[in-house]
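Report on the structure given below.
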């Protein structure tokens, strides 16, 4: 049996093994094939050329085609949130064209093109890095914000409009844990977020004022992030209703 044939069979077995991982490094690949880095890089180049592996960014590879699958394998620690997690949890019917990933450490490329999708990284403070679960997705482990933290992130990072947040809360009232939502909001210590969430919860018939009252400070906060600070002043939540909720 030729050496070339043995190497081909070994590579096939290793690629099968790598299907169990969202991503892998050139260093890991070198260890798996038990060859020096130069040989491993040459083998990876050939596999890329044959579309058997894809290089996501320098030194990070995958055998998968789905951006959602590989997203949390690129940077550590990280979890999927915002529109991507809203869709995953069936909290919206909108299909995002990118995968949004929350990270705590800055990376060189904050946007990556992968296939027909984009993977977008949003850096945040470690104090906001909570409320996510390890999830089995297509046989792979990845990290996704739970439904309540997804909503908190949408308000915190101002990536989903208040009108859309209100609609999501209204349509999914029975599937969302309001106590967890309020606890997460308090954990952020972001008083503007707490006021906005409390106001929205009350609008859909959930009593949140008793829990959140002590976090309501006197300065009025606009309900909508970017709209002019004009509108009815809600004295209970100290909110300026500068957007009309549908």
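Residue numbers (the working numbering): 592 to 837. The beta carbon of each residue, even a glycine, is placed where N, CA and C say it ideally should be. Just so we're clear, the structure is a prediction, and the values are computed from it rather than from any experiment.
Looking only at 634, 713, 602 and 707, the smallest Cα-Cα distance to residue 699 is reached by 713. CA-CA distance, residue 825 to residue 672, rounds to 30 angstroms.
Distances from the CA of residue 765 to each of 797, 645, 684 and 666 were compared; the closest alpha carbon is that of 797. Between the C-alpha atoms of residue 816 and residue 749 there is a straight-line separation of about 7 angstroms. The secondary-structure analysis by DSSP pairs residue 710 across a beta bridge with 690 and 703. Excluding five sequence positions before and after residue 650, the CB atoms of its chain that fall closer than 7 angstroms to its own CB belong to 616 and 617, given in chain order. The way I'd put it, the segment 701-712 doesn't touch the segment 730-738; fewer than three beta-carbon pairs between them come closer than 8 angstroms. In the structure shown, the three-state DSSP call for residue 628 is helix. Residue range 738-747 is occupied by the alpha helix (DSSP H) that includes residue 744. Rounded to whole angstroms, the separation of the alpha carbons of residue 779 and residue 820 is 24 angstroms.
Taken through DSSP and simplified to helix, strand or coil, residue 799 comes out as coil. Apart from sequence neighbours up to five positions away, the residues of its chain that approach residue 783 with a beta-carbon distance below 6 angstroms are 812, ordered along the chain. In this structure, the straight-line span from the alpha carbon of residue 643 to that of residue 818 is close to 48 angstroms. Judged by DSSP in its simplified three-state form, residue 684 adopts coil rather than helix or strand.
Bridge partners of residue 731 according to DSSP: 728. Inter-segment contact for the segment 690-698 and the segment 665-679 is present: three or more beta-carbon pairs are separated by less than 8 angstroms.
Between residue 727 and the set 603, 613, 609 and 606, the nearest pair of CA atoms involves 613.
For residue 824, the enclosing beta strand (DSSP E) has its first and last residue at 823-825. Membership of residue 775 in the alpha helix (DSSP H) is indicated by the continuous run 769-779.
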